[in-house]
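Position 210 of the sequence shown, counted from 1, bears residue number 209 in numbering that gives the first Met the number 0, the numbering being contiguous throughout.
Below you'll find the structure, written out as structure tokens, and then a few comments.
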Amino acid sequence: MPRRIIRGLEPLGILALTLVISGCIGTHGIQPHASLLAADRLTTDQAIQSAARDARWPTAQWWRAYGDAQLDRWIELATLGSPSLAIAAARVRQAKAMAGIAESNESLQIQSNASLQRHDWSSDQFYGPGALADTRTWDNNASLGLSYSLDIWGRERNASEQALDLAHVSAAELRQAQLELQENIVRAYIQLALNYARLDIAEAALEQQQQILDLAQRRLKGGIGTHFDVSQAETSLPEAHRQIDALEEAIALSRNQLAALAGKGPGQGVELQRPALALHSALKLPSALPAELLGQRPDVVAARWQVEAQARGIDVARAGFFPDIDLVGSLSYMATGGGLLEFLSGSKLGYKVGPAISLPIFDGGRLRAQLGQASSGYDLAVAHYNQTLVMALRSVSDQLIRRASMDNQQVFAARSVASA
Numbered sequence: 000m001p002r003r004i005i006r007g008l009e010p011l012g013i014l015a016l017t018l019v020i021s022g023c024i025g026t027h028g029i030q031p032h033a034s035l036l037a038a039d040r041l042t043t044d045q046a047i048q049s050a051a052r053d054a055r056w057p058t059a060q061w062w063r064a065y066g067d068a069q070l071d072r073w074i075e076l077a078t079l080g081s082p083s084l085a086i087a088a089a090r091v092r093q094a095k096a097m098a099g100i101a102e103s104n105e106s107l108q109i110q111s112n113a114s115l116q117r118h119d120w121s122s123d124q125f126y127g128p129g130a131l132a133d134t135r136t137w138d139n140n141a142s143l144g145l146s147y148s149l150d151i152w153g154r155e156r157n158a159s160e161q162a163l164d165l166a167h168v169s170a171a172e173l174r175q176a177q178l179e180l181q182e183n184i185v186r187a188y189i190q191l192a193l194n195y196a197r198l199d200i201a202e203a204a205l206e207q208q209q210q211i212l213d214l215a216q217r218r219l220k221g222g223i224g225t226h227f228d229v230s231q232a233e234t235s236l237p238e239a240h241r242q243i244d245a246l247e248e249a250i251a252l253s254r255n256q257l258a259a260l261a262g263k264g265p266g267q268g269v270e271l272q273r274p275a276l277a278l279h280s281a282l283k284l285p286s287a288l289p290a291e292l293l294g295q296r297p298d299v300v301a302a303r304w305q306v307e308a309q310a311r312g313i314d315v316a317r318a319g320f321f322p323d324i325d326l327v328g329s330l331s332y333m334a335t336g337g338g339l340l341e342f343l344s345g346s347k348l349g350y351k352v353g354p355a356i357s358l359p360i361f362d363g364g365r366l367r368a369q370l371g372q373a374s375s376g377y378d379l380a381v382a383h384y385n386q387t388l389v390m391a392l393r394s395v396s397d398q399l400i401r402r403a404s405m406d407n408q409q410v411f412a413a414r415s416v417a418s419a
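Dropping the structure here:
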């Protein structure tokens, strides 16, 4: 066989040898076991099946349906000043930066280095009386290094995709934090409105009790009443005052809660006026349930992206069992002795270029443990996604059950008032 052909086959032989040797560390017996739960296969209950359909998807500013300008302003204030949202937003920026770092590993890497050193040689017995004794020279060099990973097994690509998936997780978690903040503010605001309504009832009851007491005292003065009637009318007044005091306390605490949710001090909550909520629209759901509705929830989206990220992690761990092949090269000028810029002459130029192969052979089980960790992480992410999916569907059903019960209670209350 001609030497030229033999020399051409040598790199292929080396590559084949590395693949054979890499078989010393195998991936057999290590794989994920969990499977994703399909949302459209979950059985819905009567509350979901009987809900009004063909509604539009909720808008980003869903709370505006309550028609309260103060509530709109407070949520806007909280969006800008909430520490919890600031934390979530910082995590998104951090995840995007990490994705950029991972993506950079797929690109060509270029490094430069330069050194200028001046030597002042002494004339003592160690150096002298040689040629360098009592002389001054320069020891200078400059180099340019290049490296590029061929990424044959997709390790860098999958690592970059994994980092990008994790950035999507952080973005979904930010949206979830925004929804939770908005929901908590609306709940606290509704509670504030409810406490005001209860305070109205308590104050009306106190006024009524005071009128009863005044009437009992007038009857006593007129000689047609008794001290027992007056005493009986007086006994209900302390409890009425206690209820009013408790409701005023609840209003103050609700204001403090709303101020804290907005990232403000308690003094900011004092500015809140009595809510003016007005929500008369019927609750409807989009026609496609449960898959499309659940797919809109940020917690479900975040869990799904986490599954994708863990799947990429398995691919990264598997690629570690195979050799890394990089193309490396360098261009350098070097000179020891002579003048300051003598090292830049063409005769001082040197270069090198070629492949660099890194191959795992024996690692004490490290690679298998890493693959096992990645597979277990995938199983954990799938289990978390399935749990999130089930709990999300339960949340939808719970809200519909509560809404139906409230509608029925309102009808019964209206009948009671009408028949009174």
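Think of the CB as a built atom: it goes at the ideal place given N, C-alpha and C, for glycine as much as any other residue.
query, result
"With distances taken from CA atoms, which of I324, T387 and N385 is nearest P359?", "I324"
"Kindly identify the DSSP beta-bridge partner or partners of Q108.", "S146"
"Measuring only the C-alpha atoms, how far is L84 from T58?", "20 Å"
"Below 8 Å, can you find three or more Cβ-Cβ pairs linking the stretch 70-90 to the stretch 168-188?", "yes"
"Taking DSSP as the reference, what is the three-state secondary structure of L330?", "strand"
"Do you know whose CA, among D150, A308, A101 and N255, lies nearest S169's CA?", "A308"
"Between the beta-carbon of I184 and the beta-carbon of L260, is there less than 7 Å?", "yes"
"Could you give the residue range of the alpha helix (DSSP H) that holds E102?", "P82 to S103"
"Would the beta-carbon of A258 fall within 7 Å of that of Q267?", "yes"
"DSSP has P31 in a bridge; who is on the other side?", "DSSP output for P31 lists no bridge partner at all."
"Have a look at P265, A249, L366 and S331 and flag the residue whose alpha-carbon is nearest the alpha-carbon of Y350.", "S331"
"For G221, count neighbouring C-beta atoms within 10 Å of its own C-beta (all shown protein chains included) and say buried if the count is 16 or more, exposed if not.", "exposed"
"Is L191 helix, strand or coil by DSSP?", "helix"
"Could you tell me the distance, in whole angstroms, from the CA atom of S21 to the CA atom of G319?", "Low confidence applies to S21: its pLDDT is 47, below 50, so where it sits in the model is not reliable enough to give any reading."
"For G376, count neighbouring Cβ atoms within 10 angstroms of its own Cβ and tell me buried if that reaches 16, exposed if not.", "buried"
"Could you tell me which uninterrupted alpha helix (DSSP H) segments, each at least 4 residues in length, are contained entirely in the stretch 162-239, listed from first to last along the chain?", "226-234"
"Let me check understanding here. Comparing Cα to Cα, which of Q209, W137, Y384 and L76 lies closest to A33?", "Y384"
"Under the rule that 16 or more other beta-carbon atoms within 10 Å means buried, what is V381, buried or exposed?", "buried"
"If we ignore side chains and look at the alpha-carbon of each, how far apart do N157 and P354 end up?", "22 Å"
"For the candidate residues S253, A391 and A310, whose alpha-carbon lies nearest to that of P297?", "A391"
"State buried or exposed for N407, treating a residue as buried only when at least 16 other CB atoms are found within 10 Å of its CB.", "exposed"
"Using DSSP's beta-bridge definition, name the partner residues of S357.", "D323"
"Tell me the DSSP bridge mates of G349?", "S331"
"Closer than 6 Å: is that where the CB of D406 sits relative to any heavy atom of the ligand FMN?", "By its list of ligands, the structure shown contains no ligand whatsoever, and the ligand FMN lies outside what it can speak to."
"Along the alpha helix (DSSP H) that carries Y377, what are the first and last residues, could you check?", "R365 to S418"
"Quick one: grab the DSSP three-state call for A38.", "helix"
"With E233 and L212 assumed to form a contact (beta carbons below 8 Å), what rounded beta-carbon distance in angstroms separates them?", "6 Å"
"In terms of alpha-carbon separation, which member of K263, N194 and L366 lies closest to W73?", "K263"
"Enumerate in chain order the residues of its own chain whose CB-to-CB distance from P82 is below 7 Å, with the five nearest sequence positions on each side excluded.", "G262"
"Let me know the secondary structure DSSP gives S21 once reduced to three states.", "Low per-residue confidence applies at S21: pLDDT is 47, beneath 50, and the placement is therefore not dependable, though the value from the model is reported in the following sentence. In the structure shown, S21 sits in a helix (DSSP, three-state: H, G or I)."
"Answer with buried or exposed for L115, where buried requires no fewer than 16 other C-beta atoms within 10 angstroms of its C-beta.", "exposed"
"Could you spell out where the alpha helix (DSSP H) holding D362 opens and where it closes?", "Here D362 belongs to no alpha helix (DSSP H), and DSSP marks it neither H nor E."
"Assess, as a yes-or-no matter, whether the stretch 140-158 is touched by the stretch 233-252 under the definition of 3 or more beta carbon pairs within less than 8 Å.", "no"
"Straight-line CA distance for R40 to A413?", "40 Å"
"What do you get for L165, buried or exposed, if any count of 16 or more other CB atoms within 10 angstroms of its CB means buried?", "buried"
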